[in-house]
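In full-length UniProt numbering, the protein residues as written are 1 to 371.
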């Protein structure tokens with residue numbers, strides 16, 4: 001028998017090296033996520049009285065979880081409606097067919113490292129509805145832009161208009177209310193303006209956007225820089241909503257309603273833990289803004305930062321709420337946002353004929369392609 005060509009060995013060796021490098025990166029990402037989660041869980045639990053925590057969990061009225069879960073799940077329906085309008089210029093897809101990839105994607109976000117669910121969501125849409133993968137990813141860039149816009153407005157509104165106890169705010173955050181409002185407003189507004197401005201530029205002035213990226217990424221090796229620029233250029237297929245202002249306005253309005261439901265999902269939990277008389281509907285915005293900050297920090301299953309910031313948000317809303325009750329509330333609130341979407345995502349995955357192993361392999365290959 002003849003020996004295989006040397007090129008085959010070289011290609012196999014290169015693929016093997018890339019596979020090891022990819023797996024190493026994933027383990028590093030996962031390990032960092034675990035370390036961050038452990039650190040924030042320590043912050044979350046360090047002042048908790050364990051007996052009072054057990055009492056708060058034992059005496060909670062869990063019937064209130066039903067409306068909380070329903071309100072939380074409604075946000076995914078609104079996400080499907082918004083995605084319909086983001087995709088409208090590419091292909092008209094009924095929102096019923098958009099819900100499965102959304103639920104599977106968010107299940108992936110909850111279970112896999114590095115928010116891999118976003119890649120999975122784009123991939124499933126491209127496979128099921130024959131939409132170009134890069135166009136699908138482009139719509140998700142805009143999708144996140146809308147979320148970021150409304151979230152920044154929410155945080156700014158909370159800081160400016162909620163009647164915080166300024167001394168308590170200083171103790172909890174280490175910053176005065178005025179300082180926090182100024183710095184967060186400056187950073188958030190600048191960041192959003194740059195991101196949104198570049199996205200619009202990418203659609204309307206593709207060549208100029210490429211030249212700007214070339215200058216910004218000058219420090220990267222030529223091959224990596226060219227790959228990133230090519231990837232950004234390919235996203236433009238998914239940015240067609242920028243030529244339909246009516247659909248843009250509708251998408252923004254849907255996003256606002258979606259975030260209102262996100263906030264309202266916390267309201268029944270106030271009564272589950274007997275603190276409904278200490279808080280009001282507006283307090284849900286404070287808790288949501290705090291939770292959103294926690295979710296932005298990448299940890300497995302949002303564990304750690306979510307709990308810590310929800311606890312802080314509750315205590316900022318009313319200083320009479322103890323750390324133990326705040327901890328019990330945060331644990332149950334996390335269960336409300338985590339388990340239903342994971343269970344429904346798994347059910348949709350089976351219905352769509354997608355195995356969990358396939359989801360993990362898909363996320364790895366898509367991340368590798370992006371890298």
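Glycine included, C-beta positions come from ideal geometry on N, C-alpha and C.
Residue 179 counts as exposed, since fewer than 16 other beta carbons sit within 10 angstroms of its beta carbon. Here DSSP, grouped into helix, strand and coil, assigns residue 297 to coil. Bounds of the alpha helix (DSSP H) holding residue 307 are 305-317. Proximity to residue 29 across 319, 259 and 112 peaks at 112, based on C-alpha coordinates. When only Cα atoms are considered, residue 148 and residue 77 end up about 18 Å apart. As for any alpha helix (DSSP H) of minimum length 4 sitting wholly inside the stretch 79-165, the runs are 95-111, 117-129 and 133-161, ordered along the chain.
Residue 143 counts as buried, since no fewer than 16 other beta carbons sit within 10 angstroms of its beta carbon. Straight through space, the alpha carbons of residue 327 and residue 45 are spaced by roughly 7 Å. Residue state for residue 176 is assigned as coil, using DSSP reduced to three classes.
Check the Cα spacing between residue 121 and each of 140, 130 and 146: the tightest is with 140. Within the model, the alpha-carbon separation for residue 54 versus residue 322 is close to 13 Å. Cβ-Cβ distances below 7 Å link residue 196 to 145 in the same chain, with the five nearest sequence neighbours on each side left out; the list follows chain order. Here residue 81 has 95 and 254 as same chain residues with Cβ atoms under 8 Å from its own Cβ, once five neighbours each way along the sequence are excluded. Per DSSP, the continuous alpha helix (DSSP H) segment holding residue 247 begins and ends at 245-264. Apart from the 5 residues on each side of it in sequence, residue 295 sits with its Cβ closer than 8 Å to the Cβ of 302, 305 and 306 in its chain, given in chain order. Here residue 216 has no same chain residue with a Cβ atom under 8 Å from its own Cβ, once five neighbours each way along the sequence are excluded. For residue 103, the number of other beta carbons within 10 angstroms of its own is at least 16, and it is reported as buried. Of 247, 349, 87 and 315, the smallest CA-CA separation from residue 166 is found for 315. For the options 271, 274, 247 and 260, the alpha carbon positioned closest to that of residue 286 is the one of 260. For residue 211, the enclosing alpha helix (DSSP H) has its first and last residue at 206-216. DSSP places residue 330 in the helix class (H, G or I) of the three-state scheme.
Per DSSP, residue 51 is one residue of the alpha helix (DSSP H) stretching across 50-59.
DSSP places residue 64 outside any alpha helix (DSSP H), giving it a letter other than H or E. Take residue 317, set aside five residues on each side of it, and the residues of its chain with a beta-carbon closer than 6 Å to its own are 279, 283 and 286, in chain order. Here residue 60 is near residue 273, since their CB atoms are less than 8 Å apart. Residue 190 has its alpha-carbon roughly 21 Å from the corresponding atom of residue 205. Annotation for residue 352: 100 place their beta carbon closer than 6 Å to its own, counting only its chain and skipping 5 residues before and after.
For residue 269, the enclosing alpha helix (DSSP H) begins and ends at 267-272. The beta carbon of residue 333 lies closer than 7 Å to those of 266, 269 and 310 in the same chain, with the five residues before and after it left out.
Per DSSP, reduced to three states, the secondary structure at residue 194 is helical.
Exposure of residue 62 is indicated by the presence of fewer than 16 other C-beta atoms within 10 angstroms of its C-beta.
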